[in-house]
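Input: a single structure, listed below in structure tokens.
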Amino acid sequence: MLKEYLKQVRTTTPLVHNITNYVTVNDCANILIACGGAPIMADDLDDAVEITAICGGLNLNIGTLNSRTIPTMFASGKKAAELGHPILLDPVGAGASTLRTKTASDLADQLPLTVIRGNLSEIKTLATGSGGARGVDAAIADVINEDTLDGIITFAQDYAKRSGAIIAITGATDLVTTADQACVIKNGDPMMASITGSGCMLSAMTTAYLTANPNDPFMATVAAICAMGVCGEIAKAALLPGEGNATFRNRLIDAVYNLTGDTLDTQARFTLI
Amino acid sequence: MLKEYLKQVRTTTPLVHNITNYVTVNDCANILIACGGAPIMADDLDDAVEITAICGGLNLNIGTLNSRTIPTMFASGKKAAELGHPILLDPVGAGASTLRTKTASDLADQLPLTVIRGNLSEIKTLATGSGGARGVDAAIADVINEDTLDGIITFAQDYAKRSGAIIAITGATDLVTTADQACVIKNGDPMMASITGSGCMLSAMTTAYLTANPNDPFMATVAAICAMGVCGEIAKAALLPGEGNATFRNRLIDAVYNLTGDTLDTQARFTLI
Amino acid sequence: MLKEYLKQVRTTTPLVHNITNYVTVNDCANILIACGGAPIMADDLDDAVEITAICGGLNLNIGTLNSRTIPTMFASGKKAAELGHPILLDPVGAGASTLRTKTASDLADQLPLTVIRGNLSEIKTLATGSGGARGVDAAIADVINEDTLDGIITFAQDYAKRSGAIIAITGATDLVTTADQACVIKNGDPMMASITGSGCMLSAMTTAYLTANPNDPFMATVAAICAMGVCGEIAKAALLPGEGNATFRNRLIDAVYNLTGDTLDTQARFTLI
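Chains as they are written, first to last, in the numbering used here: chain B, 5 to 277; chain A, 5 to 277; chain P, 5 to 277.
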């Protein structure tokens, strides 16, 4: 069933405009191509709005936000909204600095976001104005597990309702919610936390899935997150002795490149609640 | 015969100043080292002109141009011109936004460019003021093939004459022209379009070839494009089951690192017209 | 004995704030995770000081310095100093341009740097106001070898005394000095010069070692440099026929990821003088 979402990406080659950080931008570009989409990066105010207009979706990532790129995010966001393009916000490090928290909050307030995808700490910051960010990693106290799941679903659905966006909280266990839907995903491998950019790549790829599947953004998000998790498992299984996180990164993108719909459907472990 | 151009790069270690995008900049640096050159990146107005002066060639790539780096491109370009250094322009995304089109056009107008290297859509934009860019990829209608080759050669030679630059149009088939020379190159592999940065890397490497071979920029450009295509073929042949575009990128740079003059001469498929 | 320094990194997960160049930033992030630390990148004045405050150490790298990031380096440096965090300066290209030389000199003058790590040319520029930089590589005339070692130790110790920082000069032979200590390190492989970012990655990793070992910054620096050199040897030994510098980069980071304290102690070749 998820295979249809993947197929839509591969057959329509969604063009995604990324205003993203310079740390993981190359990986984001390559994973967009790997999944079947196409990337464009443009972050200057005088350039970006036109680029937004020729793309199909917009991925906003505040990982290395700055005074020049923040206004661009708002301007491109408004253009994308005007054109009905899906917009994803990745609030990297929200809670770690005032500027990150404020920028992410303002983007969430002013733009009709389709998806907000972050770790639990970042999403808590946005939803509650607090959080417990230790930089860009989820605070340890705030992990999704059997005991905390119900509470976090309630929290995420409440924020989905208030924000109007699909809320995707990713970590060891992933959670996707709308105001009245929820999906728990248990794919992935701990080694995905051993590279920079797992989250950024997932955000870019999710934007491609949203762009290619405009009629069902919730399941498109679920499909993208399952795809990334399955590919993390494939990459880990392919790792040879002596290989580490750099090769894992390559194998992860390679796995996305080779992922078939059948493999996705066979290996995806998600539960609609 | 092309081996002499490669040998010049390996024996003179041309230092190339790159003002380029942050998406593929790491790949550009590594491929410059791989081919036998050396990279420097500097894009601040207060820094770049002096860096230009200690280098031998200048690679201008507008992939993530911005208000801070555009003036730097002009200033470094003027310094390079003053010093007689080769200058290559990679007009990434010309035609996709007004700023990209205008910046590329102005650079072409104001600087004595040695080479303009882009896909057909980008070159058409520069040459004619229009084009059909779909982001940074060549528009599908504008492909070089048996039927369109003669017309495109005429077009490129006309633009070469008007601009004074060597025109290099790369894609499935590559074309290099001056006002009265033309070369068609048929190396490469479709998988080169499955990574970000094939074009950017080629531009960086071509600048190294131009810098190391100042007396024959036309054949230096042909040699660089053949080298990249041959390495694309080598990288593809080395790809193992389960590997995808991330590993292909590594194997491509690895192939450039290991490329010998003999392999280049044996595998290059170019026709001087 | 060096294993204790590595163990401290792996057990305390030092969070390192990097204000660094966009060429090698991804590699710096991945090597920080590989060694046991965690990276944050933030370079905007309105963001960075708070990020500095939540981190444990600060890595300043001027590789692609610009008018926006230079003031950030000073502001974050002052905050780190206030908090007693270790600060490392990597003066990439000092001597290659006035701006680089001035910025590196001013950072060294105004901040209580823990370590200055560069190639011999860069360190000479900082120490003497001259140097012989050919871009970002050590000038050929300025190599550390048997004949020059004593003189360079005297020079480095003098600069260590004047600057108050540990001076780490890296190249084929590495040298770490304080005003009255010196260590010569002979690990590494020539292929480390065939990738971009060997130095940048070493600076990032050294900052993690400094942060995790606050009581002995001299030996922490020695341990980090030995670790990098040992990993360069491991990466080179693992290289297969046909592989080149791109794969070497991955294998280098992979080796850091897999490095054990025992391997470090067995393979490290350093001499305290």
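We treat Cβ as the ideally placed atom computed from N, Cα and C, and that holds for glycine.
These numbers were taken from a predicted model, which means no experiment stands behind them.
{"Check": "Proximity below 8 Å, CB of ILE199/B to CB of PHE252/B", "Outcome": "yes"}
{"Check": "CB contact below 8 Å: ARG255/B versus chain P", "Outcome": "no"}
{"Check": "Cβ contact check for the segment 248 to 263 of chain B and the segment 232 to 249 of chain A: 3 or more pairs under 8 Å", "Outcome": "yes"}
{"Check": "Buried/exposed call for THR43/P, threshold 16 Cβ in 10 Å", "Outcome": "Note that residue 43/P is Pro in the sequence shown, not Thr. When all chains shown are included, PRO43/P counts as buried."}
{"Check": "Short CB-CB distance (under 8 Å) between ASN34/B and chain A", "Outcome": "yes"}
{"Check": "Helix, strand or coil at SER101/B according to DSSP, with G and I counted as helix", "Outcome": "strand"}
{"Check": "Whole-angstrom distance between TYR26/A and ALA239/A, CA atom to CA atom", "Outcome": "24 Å"}
{"Check": "Reduced DSSP secondary structure (H/G/I, E/B, other) of CYS59/A", "Outcome": "coil"}
{"Check": "Residues near MET5/B by beta carbon distance below 7 Å, same chain, minus five either side", "Outcome": "ASP269"}
{"Check": "C-beta atoms of ILE127/B and ILE74/B nearer than 8 Å", "Outcome": "no"}
{"Check": "Beta-carbon gap between LEU92/A and THR210/A smaller than 8 Å", "Outcome": "yes"}
{"Check": "Whole-Å CB distance - THR28/P paired with ASP47/P, under 8 Å assumed", "Outcome": "Contact doesn't hold; Cβ gap of about 14 Å is too wide."}
{"Check": "Runs of alpha helix (DSSP H) wholly within the segment 32 to 83 of chain P (minimum 4 residues, chain order)", "Outcome": "49 to 58"}
{"Check": "Neighbouring residues, chain A, relative to GLU247/P (Cβ below 7 Å)", "Outcome": "ASP258"}
{"Check": "Three CB pairs or more closer than 8 Å across the segment 51 to 63 of chain B and the segment 84 to 99 of chain B", "Outcome": "yes"}
{"Check": "is_contact[ASN70/B, chain A] using C-beta, thresh 8 Å", "Outcome": "no"}
{"Check": "Residues that ALA186/A contacts on chain B, provided the C-beta gap is smaller than 8 Å", "Outcome": "In chain order: nothing, as chain B lies at least about 30 Å away."}
{"Check": "ARG121/B classed as buried or exposed, judged by whether at least 16 other C-beta atoms fall within 10 angstroms", "Outcome": "buried"}
{"Check": "CB contact flag (ILE229/A, LEU206/A, <8 Å)", "Outcome": "yes"}
{"Check": "Beta carbon proximity, MET196/P to chain B, threshold 8 Å", "Outcome": "no"}
{"Check": "Bridge-paired residues (DSSP) for ASP110/P", "Outcome": "DSSP output for ASP110/P lists no bridge partner at all."}
{"Check": "Unbroken beta strand (DSSP E) run spanning ASN22/B, endpoints", "Outcome": "19 to 23"}
{"Check": "Test: ILE144/P CB closer than 8 Å to a CB of chain A", "Outcome": "Low per-residue confidence applies at ILE144/P: pLDDT is 41, beneath 50, and the placement is therefore not dependable enough to give any value."}
{"Check": "Residue nearest to THR105/B in terms of C-alpha spacing, selected from LEU69/B, THR118/B and LYS83/B", "Outcome": "LEU69/B"}
{"Check": "Cross-chain neighbours of PRO43/P in chain B, by beta carbon under 7 Å", "Outcome": "THR200"}
{"Check": "Cβ-Cβ distance between LEU124/A and GLY155/A below 8 Å", "Outcome": "no"}
{"Check": "Residue from SER109/P, ALA259/P, GLY236/P and HIS21/P whose Cα sits closest to the Cα of MET195/P", "Outcome": "GLY236/P"}
{"Check": "Where LEU93/B sits in the DSSP three-state scheme", "Outcome": "strand"}
{"Check": "Ordered list of beta strand (DSSP E) runs contained in the segment 194 to 218 of chain B, each at least 3 residues", "Outcome": "none"}
{"Check": "Distance between ARG14/A and SER202/A (C-alpha atoms, nearest Å)", "Outcome": "21 Å"}
{"Check": "DSSP three-state assignment for LEU153/P, whether helix, strand or coil", "Outcome": "helix"}
{"Check": "Reference GLY99/P, options GLN185/A, ASN34/A, PHE274/A and GLU54/A, closest by Cα", "Outcome": "GLU54/A"}
{"Check": "Alpha-carbon spacing of THR275/P relative to ALA169/P, whole angstroms", "Outcome": "20 Å"}
{"Check": "Cβ-based burial, THR132/B [other Cβ within 10 Å; buried from 16]", "Outcome": "exposed"}
{"Check": "C-alpha gap between LEU244/P and ASN262/A, whole angstroms", "Outcome": "12 Å"}
{"Check": "Cβ neighbour criterion (16 or more within 10 Å) applied to ILE277/B", "Outcome": "exposed"}
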